[in-house]
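Taking it in order: structure first as structure tokens, then the write-up.
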Amino acid sequence: MSWVYSGTMSGQSFHIHEIDIVKEKWIDTGVRAQVEDPLYGVIKTCPIWKVKKNNQEITFVAGEFSNNVWVIYTKQS
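Numbering (the working numbering), first residue to last: 2 to 78.
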């Protein structure tokens, strides 16, 4: 599966498919994905998370690349 950089957050809201993932419980899928750091271009291995809300489930990759700075990736369309 291919993941694309979606943005960086530091505690503020972050929406994927109209769901603010900051306000929801992240469920660790136990699977990891390799993604490219958007700033330095190095490959990092990060957890694949899922969030469930209102009968909708979204999956994303998130890694804390700096203190409380999360980089978010979503599935490539």
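A virtual CB, placed ideally from N, CA and C, is assigned to each residue, including glycine.
Only a predicted model underlies this, so the values are computations on that prediction, with no experimental measurement involved.
Quick check on DSSP: helix, strand or coil for residue i?
i: residue 76; result: strand
i: residue 51; result: strand
i: residue 70; result: strand
i: residue 24; result: helix
i: residue 2; result: coil
i: residue 83; result: No information on residue 83 is available, as it lies outside the stretch 2 to 78 that the chain covers here.
i: residue 7; result: strand
i: residue 58; result: strand
i: residue 18; result: coil
Taking the straight line between their C-alpha atoms, what separation do you get for residue i and residue j?
i: residue 63; j: residue 75; result: 9 Å
i: residue 77; j: residue 39; result: 15 Å
i: residue 25; j: residue 9; result: 17 Å
i: residue 45; j: residue 23; result: 22 Å
Who does residue i pair with in a DSSP beta bridge?
i: residue 46; result: 35
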